[in-house]
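1 is the number of the first residue of the sequence shown in full-length UniProt numbering; add one for each residue after it. To keep things clear, I will list the structure first and then write my remarks on it.
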Amino acid sequence: MKIVLIGASGFIGARLLAELSRRGHSVTAIVRNPEKVAALPGVTALKGDVFDKDGLARLLAGHEAVISAVHFTASDPELLLAAVKQSGVPRYLVVGGAGSLEVAPGVRLFDTPEFPAIYRDEARKGGDFLDLLKREQALDWTFLSPSALIQPGERTGKFRLGGDQLLVDGKGDSAISAEDYAVALVDELEKPAHGRRRFTVGY
């Protein structure tokens, strides 16, 4: 497929880029600094600004799907959505956060006292972005939240999928490697199963 990945040099973005290349997709990597993008088969790096709606829309046009892997505090969700719609690309996949997942009915992870304050602003803005997507009718969007702990690790391809609730294993841990997160998102890209909704991945 012909995919455009915004934020391709970041923590998650770089792993998504590697997974997309590994599976033979043609990827346009949009970043602030193209020289930071790994040289991988099928990858073309372009300089782009997430706050330039018209310029971004031109870069997105002609692709089959957009994947957004930018921080919520470093972008404008409404502007991103407007650029995607203006570009005419029909599918929009978003790298989400774990903070908006429910840990009890009506209680989101970022509402709990244990949630680290340093991540709360980013998490709340991610929740706001998800709420914005839920009101979106024109795009076929998907928002993938990781488990509570996401860090560099092994690409196993073995994990569980869930909906709006935080996934926890038998030991009470909630974790996923960044590599397996990338596998789950590219799986969704190739075989859509969560159109216009959020899902989560964890061990």
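Glycine residues also receive a C-beta, built at the ideal position from the N, C-alpha and C atoms. Since we're looking at a predicted model, the values are computed, not measured.
Distance, Cα to Cα, residue i vs residue j?
i           : j    : result
V201        : R135 : 23 Å
V95         : R32  : 18 Å
L5          : A69  : 7 Å
L132        : K47  : 27 Å
A57         : A184 : 26 Å
residue 238 : P113 : What is shown of the chain runs 1 to 203, which leaves residue 238 out entirely.
I3          : P77  : 20 Å
D111        : P105 : 12 Å
residue 207 : H63  : The structure shown does not extend to residue 207, since the chain is modelled only from 1 to 203, so the question has no answer here.
A61         : F72  : 22 Å
L139        : Y203 : 30 Å
A39         : R196 : 33 Å
residue 211 : Q151 : Absent from the model: residue 211. The displayed extent of the chain is 1 to 203, so no value can be given.
Going by DSSP, which residues form a beta bridge with residue i?
i    : result
F199 : L144
G91  : A small correction: the amino acid at residue 91 is Arg; Gly does not occupy that position in the sequence shown. In the DSSP output, where bridge partners are listed per residue, R91 has A65 and D140.
S177 : Q151
V183 : The partner list for V183 (beta bridge, DSSP) is empty, contrary to what the question assumes.
R108 : E102
DSSP state of residue i, grouped into three classes?
i    : result
K85  : helix
L166 : coil
E102 : strand
K2   : strand
A117 : helix
R160 : strand
R135 : coil
* **In chain order, each beta strand (DSSP E) run of at least 3 residues that lies wholly inside the segment 6-73** => 26-31, 43-47 and 65-68
* Flag this pair as touching only if the segment 154-170 and the segment 110-129 have three or more C-beta atom pairs under 8 Å; answer yes or no. => no
* Quick one: any contact between the segment 137-150 and the segment 92-109, if contact means 3 or more CB pairs under 8 Å? -> yes
* To do: Spell out a yes or no on whether the segment 21-29 and the segment 76-93 are touching, meaning 3 or more CB-CB pairs, one atom from each, closer than 8 Å.
  => no
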